[in-house]
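Data block below; observations after.
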């Protein structure tokens, strides 16, 4: 996926980054195509697979360039991911990447970056269409169980992992919505609806947010494309940069309970241990879906997408969500 947020680096710079992380004796030699490969399926950060001199394969993930505007939830995203990885490793048994080296100094490149071991596994999102129904359901059920374990981590506030936060989920979530709408207005993004219409619909249903009283760790971006699988099991979960303390119903696995375009959530919910949602939980999920598809429309402008596929799809979903949240 192409995006102007991808902070690509030269082989010479990548060699310098390897030396800082692993030592001069591990810096690869030879032509770049013998040791360097860009991993292209990500949408935001750039990631490279690098073969060290001793034969180990590692991945370096690099945040966007300093001068590229990003969406509000993506500001400081790599530091959020590092915090999330440390928290998950300390508090759960959910498999996540090990951080070999993180550099936040901006001395070698104009952004944060970190190295981790390369995981020899398949991306669930890439292979899912080729799987049989039973295997796909088994992976989704395992994902539901893993997601529930992640959500078992309790926070002391709603909002960013590192704080500051707020004791009210309504305050935090409506603030997230306003941040996104303001970002869209700043770039004059046409989302097919007046921005104040979105604000009114969120305000109309905001009382359901008051039912969320315990902050929980929420991945928020745990789609199948962020799950690496092998031999019938989840090997690791990647891309944790949107994590926050919030309502577990924000998780991607629940999106299909309100909007069918996000897929059948049955196996995920079975693994999670929650068969269905109450009407008021459904309304909360509806607000989260609306928030999500508005993000998906606006971010195409910030990322400089060259094809309209995601934008056109998101515009249609905004219309659908507005109808569902306003009609009896």
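In full-length UniProt numbering, the protein residues as written are 1 to 328. The beta-carbon is built from N, C-alpha and C at its ideal position, and this holds for glycine as well.
Three-state secondary structure (DSSP) of residue 252:
Mapped onto the chain shown, residue 252 falls at position 252. DSSP places residue 252 in helix when its eight states are reduced to three.
So, residue 14 versus residue 84, is the Cβ gap smaller than 8 Å?
Counted from its first residue, the chain shown places residue 14 at position 14. Counted from its first residue, the chain shown places residue 84 at position 84. Residue 14 places its beta carbon 8 Å or farther from that of residue 84.
If you draw a straight line from the alpha carbon of residue 119 to that of residue 201, how long is it in whole angstroms?
Within the chain shown, the letter at position 119 stands for residue 119. Within the chain shown, the letter at position 201 stands for residue 201. The straight-line gap from Cα to Cα measures roughly 43 Å.
Would residue 113 and residue 103 qualify as a contact pair, given that the criterion is a beta-carbon distance under 8 Å?
Against the chain shown, residue 113 aligns to sequence position 113. Against the chain shown, residue 103 aligns to sequence position 103. Yes. Within cutoff.
Note the first and the last residue of the continuous beta strand (DSSP E) segment covering residue 191.
Looking up residue 191 in the chain shown gives position 191. From DSSP, residue 191 is part of no beta strand (DSSP E); its letter is neither H nor E.
From which residue to which residue does the alpha helix (DSSP H) around residue 268 run?
Within the chain shown, the letter at position 268 stands for residue 268. Run containing residue 268: 266-272, per the alpha helix (DSSP H) assignment.
Can you give me the C-alpha to C-alpha distance between residue 37 and residue 274, rounded to a whole angstrom?
By one-based count along the chain shown, residue 37 stands at place 37. By one-based count along the chain shown, residue 274 stands at place 274. In a straight line, the C-alpha of residue 37 is about 41 Å away from that of residue 274.
Pick out the complete beta strand (DSSP E) segments inside the segment 92-176, 3 residues or longer, and give them in chain order.
For the segment 92-176, whole beta strand (DSSP E) runs of length 3 or above, ordered along the chain, are 101-103 and 113-117.
Give the secondary structure of residue 233 by DSSP, where H, G and I count as helix, E and B as strand, and everything else as coil.
Position 233 of the chain shown holds residue 233. Strand.
Nearest to residue 71 (by Cα), restricted to the options 320, 319, 303 and 313:
Position 71 of the chain shown, counted from the first residue, corresponds to residue 71. Cα-wise, what sits closest to residue 71 is 303.
Going along the chain, which residues of its own chain have a beta-carbon closer than 7 Å to the beta-carbon of residue 389, five neighbours each way excluded?
No information on residue 389 is available, as it lies outside the stretch 1 to 328 that the chain covers here.
Are there three or more Cβ pairs, one per stretch, closer than 8 Å when the segment 286-304 is compared with the segment 316-328?
Proximity of the segment 286-304 to the segment 316-328 meets the contact definition, three or more beta-carbon pairs being nearer than 8 Å.
Any idea if residue 257 is buried or exposed, counting beta-carbon neighbours within 10 angstroms, 16 or more meaning buried?
In the chain shown, counting from the first residue as 1, residue 257 sits at position 257. When all chains shown are included, residue 257 counts as buried.
Bridge partner(s) assigned by DSSP for residue 216
Here residue 216 refers to the residue found at position 216 when the chain shown is read from its first residue. In DSSP, residue 216 forms a bridge with 154 and 246.
Is it buried or exposed for residue 204, if we count other Cβ within 10 angstroms and need 16 for buried?
Position 204 of the chain shown, counted from the first residue, corresponds to residue 204. The residue is exposed, with fewer than 16 neighbouring Cβ atoms inside 10 Å.
With 16 other Cβ atoms within 10 Å as the buried cut-off, status of residue 251
To locate residue 251, count along the chain shown from 1; it is residue 251. Residue 251 comes out buried.
Which residues in the same chain as residue 301 place their Cβ atom closer than 6 Å to its Cβ, once the five residues preceding and following it in sequence are excluded?
Walking along the chain shown from the start, residue 301 turns up at place 301. 187 and 189.
Based on Cα-Cα distance, which residue from 266, 299, 310 and 277 lies nearest to residue 133?
Within the chain shown, residue 133 is the residue found at index 133, counting from 1. Considering only alpha carbons, the answer is 266.
Quick check: the Cα distance between residue 174 and residue 81, rounded to an integer number of angstroms?
Numbered from 1 along the chain shown, position 174 holds the residue referred to as residue 174. Numbered from 1 along the chain shown, position 81 holds the residue referred to as residue 81. The straight-line gap from Cα to Cα measures roughly 23 Å.
Burial state of residue 283 (16 or more Cβ within 10 Å):
As a working note, residue 283 is residue 283 in the chain shown. With a 10 Å radius around the Cβ and a threshold of 16 neighbouring Cβ atoms, residue 283 comes out buried.
Beta-ladder partner(s) of residue 49, from DSSP
As a first step, residue 49 must be located in the chain shown, where it is residue number 49. Note: residue 49 sits in a beta bridge opposite 37 and 59.
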